[in-house]
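A quick write-up on the structure given underneath.
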Amino acid sequence: MLGTQQKKKTFHLGARSIYLAYGKALLKTVPLANKVIKHTNFLALNYNSIERQVQSLRYLSGQVPEVVADVEKSSLIDEWHLFMCGDCEEPLSVDERVDVYWAKVLSLKSSPGRQKYPLMSKLIKGTPLSASWKC
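For what it's worth, my numbering labels the leading residue of the sequence shown as 503, then goes sequentially.
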């Protein structure tokens, strides 16, 4: 009986150490406190304040200057306002994935057949999080 209890204790200690090791590895590899991740929350359209959305948009565009040039930032903000006033009438459905929603939005065309939101498309596709998206 004593041998069985000792085996159980050894097993539980071994399992515990494995879980702790995996937890530490995840904390090192998953950037939970990353500001870029925090500022991409506006893409889920869950901010009530347009000021916070624009603030996040400015922050993200500042983090990827190779994607959106400084001279394009005001045009990017204008595109966002245009989107929020027009095509954002249908809110993001709870059942719809964010990448599917943005793929639909970024595929919209203007009347001459050009992409309706080219700068937003560049920024959204150029963020580190969207690397796995199919926009």
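Think of the CB as a built atom: it goes at the ideal place given N, C-alpha and C, for glycine as much as any other residue.
The structure presented is a predicted model; accordingly, all values stated were derived computationally and were not measured.
| Backbone CA spacing between residue 636 and residue 544 [nearest angstrom] | The residue you call residue 636 lines up with position 134 of the sequence shown. The residue you call residue 544 lines up with position 42 of the sequence shown. Residue confidence is low: residue 636 scores 45 on pLDDT, short of 50, so the model does not pin down where it sits. No coordinate-derived value is stated.
| Whether residue 516 touches residue 566 by CB criterion (7 Å) | Stepping through the sequence shown from its first residue, residue 516 is reached at position 14. Stepping through the sequence shown from its first residue, residue 566 is reached at position 64. Not closer than 7 Å, so no.
| message | Tell me the residue span of the alpha helix (DSSP H) that contains residue 537. | response | Numbered from 1 along the sequence shown, position 35 holds the residue referred to as residue 537. Per DSSP, residue 537 belongs to the alpha helix (DSSP H) from 537-541.
| said: Cutting at 6 Å between CB atoms, please list the residues of its own chain near residue 622, excluding the five before and the five after it. | reply: The residue labelled residue 622 in the question sits at position 120 within the sequence shown. For residue 622, the CB contacts under 6 Å within the same chain, skipping 5 residues up- and downstream, are 581 in chain order.
| task | Flag this pair as yes or no: are the beta carbons of residue 570 and residue 559 separated by less than 7 Å? | result | As a position in the sequence shown, residue 570 is number 68, starting the count at 1. As a position in the sequence shown, residue 559 is number 57, starting the count at 1. With contacts defined as CB atoms closer than 7 Å, residue 570 and residue 559 fail to qualify as a contacting pair.
| task | Go ahead and label residue 542 buried or exposed: buried means 16 or more other beta carbons lie within 10 angstroms of its beta carbon, across all protein chains shown. | result | Position 40 of the sequence shown, counted from the first residue, corresponds to residue 542. Burial call: buried.
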